[in-house]
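Heads up: the structure comes next, in structure tokens.
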Amino acid sequence: AEMFGQLTSGLEAAWNKLKGEEVLTKENIVEPMRDIRRALLEADVSLPVVRRFVQAVSDQAVGTGLIRGVRPDQQLVKIVNDELVKLMGGEVSELVFAKSKPTVILLAGLQGVGKTTVSAKLALYLKKQGKSCMLIAGDIYRPAAIDQLVILGEQVGVPVYAAGTAIKPAEIARQGLQEARKKNVDVVIMDTAGRLQIDKAMMDELKEVKRVLNPTEVLLVVDAMTGQEAAALVTTFNVEIGITGAILTKLDGDSRGGAALSVKEVSGKPIKLVGRGERMEDLEPFYPDRMAGRILG
Ligand code: GDP
82 AEMFGQLTSG LEAAWNKLKG EEVLTKENIV EPMRDIRRAL LEADVSLPVV RRFVQAVSDQ
142 AVGTGLIRGV RPDQQLVKIV NDELVKLMGG EVSELVFAKS KPTVILLAGL QGVGKTTVSA
202 KLALYLKKQG KSCMLIAGDI YRPAAIDQLV ILGEQVGVPV YAAGTAIKPA EIARQGLQEA
262 RKKNVDVVIM DTAGRLQIDK AMMDELKEVK RVLNPTEVLL VVDAMTGQEA AALVTTFNVE
322 IGITGAILTK LDGDSRGGAA LSVKEVSGKP IKLVGRGERM EDLEPFYPDR MAGRILG
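When we follow the UniProt record's numbering, the leftmost residue of the sequence shown carries the number 82, and every step to the right adds one.
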């Protein structure tokens with residue numbers, strides 16, 4: 082199924098109810114607003130976000146008045162579009178680079194969300210921008226993850242620092258950073274271990290790694306399929322370890338869009354990048370306006 086497909090058609094129902102109307106009124110937007118609310122909830126957008134969104138849209142819809150040459154249904158589309166862009170953070174949130182080399186990017190996230198894949202994708206993405214990169218393999222609980230990162234690193238032509246599994250992640254981080262300084266690379270990206278669920282051991286380990294690396298970016302990798310859970314996840318990681326943003330993966334799947342729409346509003350942290358496929362090239366900046374455009378079809 083096409084991502085957002087259901088959301089798009091749910092919203093269409095709202096505009097359709099305004100066909101033939103001359104102007105937006107308090108009365109004639111009641112039904113369309115109900116459709117918008119329902120469409121967002123079905124798309125897995127978190128409830129408080131839906132409430133605020135619907136309020137903001139209806140306030141504007143009633144206050145807009147008659148605009149010559151613009152039909153009421155088109156007016157509502159425009160208002161919803163602008164609010165969607167705002168909801169997703171407005172502008173693109175660029176990656177931040179350190180003033181002096183190397184910039185350190187720490188990746189965190191639950192198991193299976195696509196962290197290891199994203200590590201290599203990000204290295205390729207930055208390499209294409211002319212930056213030299215190094216990867217650090219920190220997922221010591223899954224030996225296959227280290228092998229996977231080494232293979233992906235070869236594939237994208239970026240060196241990988243791996244020290245096996247019989248060593249603490251914070252120590253790998255320390256050694257890896259030292260190696261990166263020796264190599265004089267621009268950016269170091271560290272992949273870390275994830276668990277199936279948030280637990281204290283994982284958070285403590287991440288805190289230790291963070292202390293050692295003093296990273297410029299701490300990015301939480303989130304699977305778009307987790308829907309509205311994604312927003313709570315970002316909030317928890319932010320409170321526990323302090324993050325600078327999120328990377329949303331698997332946007333090529335049939336996720337309903339809730340994560341893309343809720344993360345910024347609920348956690349205050351922007352989605353910086355999105356993954357849309359299994360290929361190494363499938364990573365791009367998160368553009369709120371383009372995303373809104375896709376949602377509105
Ligand atoms: P980790 O446990 O977080 O390190 O997750 P992995 O990087 O091993 O990824 C788990 C699975 O998700 C792998 O099969 C990846 O190929 C797949 N995957 C990762 N990112 C994407 C994406 O953006 N789209 C799709 N379709 N699959 C992805």
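Even for Gly, the Cβ is constructed at its ideal location relative to N, Cα and C.
Here the structure is a predicted model, which means the values were calculated and not measured.
From residue i to residue j, what does the alpha carbon distance come to, in whole angstroms?
| i | j | result |
| --- | --- | --- |
| residue 319 | residue 348 | 8 Å |
| residue 357 | residue 229 | 19 Å |
| residue 226 | residue 220 | 6 Å |
| residue 291 | residue 187 | 7 Å |
| residue 185 | residue 248 | 20 Å |
| residue 82 | residue 333 | Since pLDDT at residue 82 reaches only 46, below the 50 mark, its modelled position is unreliable, and the value read off the structure follows with that caveat. Roughly 10 Å between the two C-alpha positions. |
| residue 263 | residue 359 | 32 Å |
| residue 113 | residue 201 | 44 Å |
| residue 311 | residue 282 | 20 Å |
| residue 106 | residue 309 | 32 Å |
| residue 328 | residue 101 | 42 Å |
| residue 191 | residue 287 | 12 Å |
| residue 197 | residue 234 | 10 Å |
Identify every residue that forms a DSSP beta bridge with residue i.
| i | result |
| --- | --- |
| residue 272 | 218 |
| residue 242 | 217 |
| residue 189 | 301 |
| residue 326 | 300 |
| residue 352 | 327 |
| residue 250 | BP columns for residue 250 are empty, so no partner. |
| residue 184 | 268 |
| residue 364 | 356 |
Assuming residue i and residue j make a contact with CB atoms under 8 Å, what is their CB distance in whole Å?
| i | j | result |
| --- | --- | --- |
| residue 317 | residue 279 | 6 Å |
| residue 179 | residue 297 | 5 Å |
| residue 242 | residue 204 | The Cβ separation is near 12 Å, so there is no contact. |
| residue 250 | residue 215 | Not quite, the Cβ-Cβ distance comes to about 16 Å (not below 8 Å), so this is no contact. |
| residue 275 | residue 194 | 7 Å |
| residue 362 | residue 355 | About 13 Å; that fails the 8 Å criterion. |
| residue 99 | residue 161 | In fact, because the Cβ distance is near 12 Å, the residues do not count as touching under 8 Å. |
Count the other CB atoms, across all protein chains shown, that sit within 10 Å of the CB of residue i; report buried if there are 16 or more and exposed otherwise.
| i | result |
| --- | --- |
| residue 224 | exposed |
| residue 301 | buried |
| residue 118 | buried |
| residue 277 | exposed |
| residue 285 | exposed |
| residue 156 | buried |
Quick one: does residue i have its CB under 8 Å from some CB of chain D?
| i | result |
| --- | --- |
| residue 85 | Of the chains in the structure shown, none is chain D; there is only one protein chain. |
For the 8 Å Cβ check, are there 3 or more pairs between the region 363–374 and the region 163–180?
yes
Pairing CB atoms from the region 171–179 with CB atoms from the region 349–369, are three or more of them under 8 Å?
yes
Would you check if there are 3 or more beta carbon pairs closer than 8 Å linking the region 139–151 to the region 321–335?
no
The region 87–98 contacting the region 117–124, beta-carbon criterion three pairs below 8 Å
yes
Sufficient close CB pairs (3 or more, under 8 Å) joining the region 299–314 to the region 335–345
yes
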